[in-house]
Amino acid sequence: MIKRELMDILRCPACVKADNGKLTNYKDSYLICADCGRKYPIVDDIPIMLIDEGAKYIDLDAESLEIPPVLAKE
Ligand SMILES: [Zn+2]
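The working numbering applies: residue 15 is where the sequence shown begins, and numbers increase by one.
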């Protein structure tokens, strides 16, 4: 579980400059940005707040996301 205090301050890094980027916790597996649709995977309770990472899932419906997230290996 991600702590509420953390959720209150976390914003999508792609949208935060415009004072947007509110995130929604999706099944404790992704944080979904309400503004751009980027989805940040949560791994071991730590959200991966990288713009590139979030953009990988931007066109996917939340229902199509892999749960738990599987990060591509480099
Ligand atoms: Zn965003």
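In this text, a Cβ means the ideal position worked out from N, Cα and C, and glycines have one as well. Remember, it's a predicted structure, so these values are computed and weren't measured experimentally.
- Only residues of its own chain outside the window of five on either side were considered, and among them Ile81 have a CB closer than 7 Å to the CB of Lys41, listed in chain order.
- When the five nearest sequence neighbours on each side are left out, the beta carbons in the same chain lying within less than 7 Å of the beta carbon of Asn39 are those of Ile16, Met21 and Leu45, in order along the chain.
- Per DSSP, the continuous alpha helix (DSSP H) segment holding Ile65 begins and ends at Ile65 to Ala69.
- Non-local C-beta neighbours of Gly51 in its own chain, meaning closer than 6 Å and more than five positions away in sequence, comprise Ile72, ordered along the chain.
- Leu85 is classed as exposed because its beta carbon has fewer than 16 other beta carbons within 10 Å across all chains shown.
- Short note on Asp22: C-beta not closer than 7 Å to any heavy atom of ligand 1.
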